[in-house]
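**Q** Residue numbers (UniProt numbering): 1 to 1100.
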């Protein structure tokens, strides 16, 4: 006993710590000893039975640590007198809780999520507030797509408002991914309802519905009445097509409710919970939290501001890292539009950028106008997203170093303007005072008269802007940068004078580009000009000649041009047929509807075979049935025919230079045609898209007939009638003088037409051959393809789209045989877009017979890039021996060699008749490129190689290495010659990332820095590094700088283990992104490839 006491005393003394106040600090030791009692039968006076497990405990410790256990064990309840207490709780969580009770500590990182949530529940039930808070804080840090639903359920169940808020914010930011995750189906009804009620849970409503529908199916047993959850879906936000093709077939929504949703969608001016209302106001509890004079920004006063008051400001720093002006919205809102009023009481301009965030930690830049001068109201659009904070940072003021903002508005709007690379691309006129444009230079009686839109009230004394020719200019500044591709001016035309001039545009007042040069011409009145789209802030109009005096006069300016025919032809925007300017508001982006809006009709009135137009089509024009698309194509053809006639007539009537490329328009002539056609009557008298298109076709036929009547006295052109007449003769007995007998068909034709269209038929029918005297000629060609060929000969056109591949290839063969080169080229081009895994071999076999080298090369390229897939397709076994042999000779096949071997094995089994030709095929396999294990387990059992051959191959591998892909087995060749370089910045490092275009097996990189632009200030804690990746996601570090110096300038070559590489990334703190950096990348044959040798080794 004494020895035990002595030992314990010694132990305590050894582990004790004496504080400065001479207090003995033994808490660590105490906790350790208490933890030893946890779930120990020593001194136990109560036993808990949990899931049939007996767990000993100590009443006094539990009571001391928890009021719940104090009441349970000492509060006079029935359990007070029991030595065994049964608890219906999770066993694992209870064990963890006991460890916490006894030791005060718990390792959360090692716990599974379900046990962690169970423990959180027990902490809440037994009143361990500190543990509950600690677990909540930990769960905030480990939120993921896989656990957030379960954590949200727990947080709401235990009324943990802080954790609930964090879960909701996480789900708002990842709404689309959450909806698709399998854990969403296990979300509780209460949590799901709370989520769907959130305006900031932003995803396409059809995706929300599909997720809710899946949830209902998975929880049908526990939630028999699903209406309570289905009604939370905002069906009015879905398109009509989604309502009819997704919601209706599900059967989950009553037909009357579905009709109500459709009716509300069509008639309502505002979609639910997406109000076009400014949310950056005190009404929504929004406030300015950073910046000077904060109260002015959101007070709604955009009139009474001056030099002293009415604005919020911040100082512009030299480095551009200012915190700027920050607005906190009252809650998370979905917005896609911000308006900003910059202080504009003089001519100053500003540069700035805008960032948004949900938490003030992660900021996303949505607007970047640092390179441009902007003034007055800024109209800014961006993809809709959840926003709580808006940061506006000024980077330049043309007058001083202060950034002044009078007002800021934020909202969600259905009326948007297209954005390209962060810059608006408007179709409406932005050169207006309402859009913040101003005339900077130019003389006029009234400021900005050039931009007021008045094109009628001008005379000798007023209504125009002018400058002295030779000394002045007219300079216009737009309110912000825009993509501009056209402009229109009205030259003063109250008498017969004419002008010469040129027009320049600039984004920064430094770099000017001439977009219109009419210095050698004499122009009058309205002038429209189109050019390649450019980012424009400033427009400079410079007059060079006036036939009456030395002044240049301009009445009106607009950009983009609102010239009616230009809008009709290029933009497909409804215009006023009278030719006067009509300012178009921003295009409204709405979902599809069954009853098309009238504005949609004219937008669909387009050439559906023009890729440039296709890319701009609204959805309702793309997703139409075949009948409607046929109508649209017919209408587009009528427009092309009419428009070509119109342009030809105007070109003949033009008085300008013969070689001029300028478009001459006879507006009086056009107005007569459009007035007679009255196309816009179709907008009011039709209820469907098909009816509208039919109406337009008829109206345009009227316009074409009127055109022929008006031009018959000056021009005769019946080429269309000739084509129609020839088309009627195709395969007709009328006037036929020869019959082709093909298969069982007798096909009449006309010698003269055939001879005129084809040298082959000219020789056959008129060249003195035997066929020249025959009335019936037998041809051994496919009948269907020959009929298509005749259709092309007679009409100059043939429909390839719906033609089966066999007929298409047969037609290609006939076009080649009969020398119809135009048809041959068109079919070849069309086939290039048809390549697929299941048809490329059929196409290749045919074009090899025809020796069409360009198409052969394109086939081989497709096969190279998709070798792994095409060789596994069933059509591979139908290849001819010669074609297969040619494919196997290619070095560029992107496939593992073992797959080639297995493909040959499969081909030989399906082509037993080749007999002795099998061996040459097997000899084309590059066995040294097959890893040793596959040689022994796959190749050897087939008997394709004898044992000695296999041993020779393995010996060769030991000396040269294994390169698995033949597409990358060109040792010593630089594959980075055409690599694409992109510079980015990442945490103080600049990154030069090279994309090789496809994957190569490499083991060597050489970095060349020819014109370095060194950074004056850099973070010395960063070092240079070089990494490679096969997919741009998983990166492998192959070299790192040894110190904080320009390592790779001194050590440019890097060797590394053989691996697949497509992306190479060079990170450096020392060079700016404009440095001239290039790379060489190759497979170095002198560096032995590294392989995994799994053969057994003897112990040494």
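Even for Gly, the Cβ is constructed at its ideal location relative to N, Cα and C.
Three-state secondary structure (DSSP) at residue 351?
**A** In the three-state DSSP reduction, residue 351 falls in the strand class (E or B).
**Q** Per the DSSP calculation, residue 545 is bridged to which residue(s)?
**A** 500
**Q** Is the number of C-beta pairs between the region 515-524 and the region 440-451 that are closer than 8 Å three or more?
**A** Judged by pairs of C-beta atoms under 8 Å, the region 515-524 does not touch the region 440-451, as fewer than three such pairs exist.
**Q** Please work out which residues of its chain come closer than 8 Å, Cβ to Cβ, to residue 210, disregarding the five sequence neighbours upstream and downstream, and give them in chain order.
**A** 179, 246
**Q** Pull up the DSSP beta-bridge partners for residue 557, would you.
**A** 489
**Q** Please report the Cβ distance between residue 212 and residue 233, rounded to the nearest whole angstrom; I am assuming they are in contact, meaning their Cβ atoms lie under 8 Å.
**A** 6 Å
**Q** Would you give the residue range spanned by the alpha helix (DSSP H) that residue 117 belongs to?
**A** 113-125
**Q** Within 10 Å of its beta-carbon, does residue 499 have 16 or more other beta-carbons around it, so buried, or fewer, so exposed?
**A** buried
**Q** For the alpha helix (DSSP H) holding residue 140, just list the boundary residues, first then last.
**A** 129-141
**Q** In the structure shown, what three-state DSSP assignment does residue 995 receive?
**A** strand
**Q** Where do the ends of the beta strand (DSSP E) carrying residue 1080 lie?
**A** 1076-1082
**Q** Determine the contact status of residue 566 and residue 436, defining contact as a CB-CB distance below 8 Å.
**A** no
**Q** Cβ of residue 358 within 8 Å of Cβ of residue 388?
**A** yes
**Q** In terms of DSSP beta bridges, what is residue 552 paired with?
**A** Residue 552 is bridged to 467.
**Q** Which residues in the same chain have their Cβ closer than 6 Å to the Cβ of residue 553, if we skip the five residues on either side of it in sequence?
**A** 464, 466, 492
**Q** Hey, how far is the Cα of residue 129 from the Cα of residue 194?
**A** 25 Å
**Q** What are the boundary residues of the beta strand (DSSP E) that includes residue 374?
**A** 363-374
**Q** Counting Cβ pairs, one atom from each stretch, are 3 or more of them under 8 Å apart for the region 883-898 and the region 920-940?
**A** yes
**Q** Determine the contact status of residue 1025 and residue 1037, defining contact as a CB-CB distance below 8 Å.
**A** Taking C-beta atoms as the reference points, residue 1025 and residue 1037 count as a pair closer than 8 Å.
**Q** Quick check on DSSP: helix, strand or coil for residue 181?
**A** The answer is coil: DSSP assigns residue 181 none of H, G, I, E or B.
**Q** What number of angstroms, rounded off, separates the C-alpha of residue 587 from the C-alpha of residue 478?
**A** The predicted position of residue 587 is uncertain, since its pLDDT is 34 and thus under 50; no value can be drawn from it.
**Q** Any idea if residue 548 is buried or exposed, counting beta-carbon neighbours within 10 angstroms, 16 or more meaning buried?
**A** Classification of residue 548: exposed, given that the 10 Å Cβ count is below 16.
**Q** Do you know offhand how far residue 429's Cα is from residue 512's?
**A** 21 Å
**Q** Unbroken alpha helix (DSSP H) runs of length 4 or more, entirely within the region 825-879: which are they?
**A** 840-850, 853-865, 867-870
**Q** Whole-angstrom Cβ separation of residue 474 and residue 536, contact assumed at under 8 Å?
**A** That pair is no contact at about 15 Å.
**Q** Return the chain-ordered ranges of every alpha helix (DSSP H) run that is complete within the UniProt domain "BTB" (736-802) and spans a minimum of 4 residues.
**A** List check, alpha helix (DSSP H) in window: 751-757, 759-766, 783-795.
**Q** Among the residues of its own chain, which have a CB less than 8 Å from the CB of residue 41, if the five just before and after it don't count?
**A** 56
**Q** Threshold first: 4 residues or longer. Then list the alpha helix (DSSP H) segments lying entirely within the region 1023-1064, N to C.
**A** Counting only runs of 4 or more, we get 1047-1050.
**Q** Please classify residue 361: is it buried, with 16 or more other beta-carbons within 10 angstroms of its beta-carbon, or exposed?
**A** exposed
**Q** What residue range is occupied by the uninterrupted alpha helix (DSSP H) comprising residue 1105?
**A** Nothing about residue 1105 can be reported from this structure: the residues present for the chain run from 1 to 1100 only.
**Q** Quick check on this structure: which residue in 378, 860, 58, 311 has the alpha carbon closest to the alpha carbon of residue 894?
**A** 860
**Q** Going by the CB atoms, is the gap between residue 991 and residue 908 shorter than 8 Å?
**A** no
**Q** Within the same chain, show all residues whose beta-carbon is closer than 7 Å to that of residue 330, passing over the 5 residues directly before and after it, in chain order.
**A** Around residue 330, the same chain offers 284, 285, 286 as residues with beta carbons nearer than 7 Å, after the five sequence neighbours per side are excluded.
**Q** Once DSSP output is grouped into helix, strand and coil, what is the label at residue 517?
**A** strand
**Q** How is residue 1002 classed by DSSP in three states: helix, strand or coil?
**A** Looking at residue 1002 - three-state DSSP - the assignment turns out to be strand.
**Q** Would you check if the region 303-322 and the region 414-426 touch, i.e. whether three or more CB-CB distances between them fall below 8 Å?
**A** no
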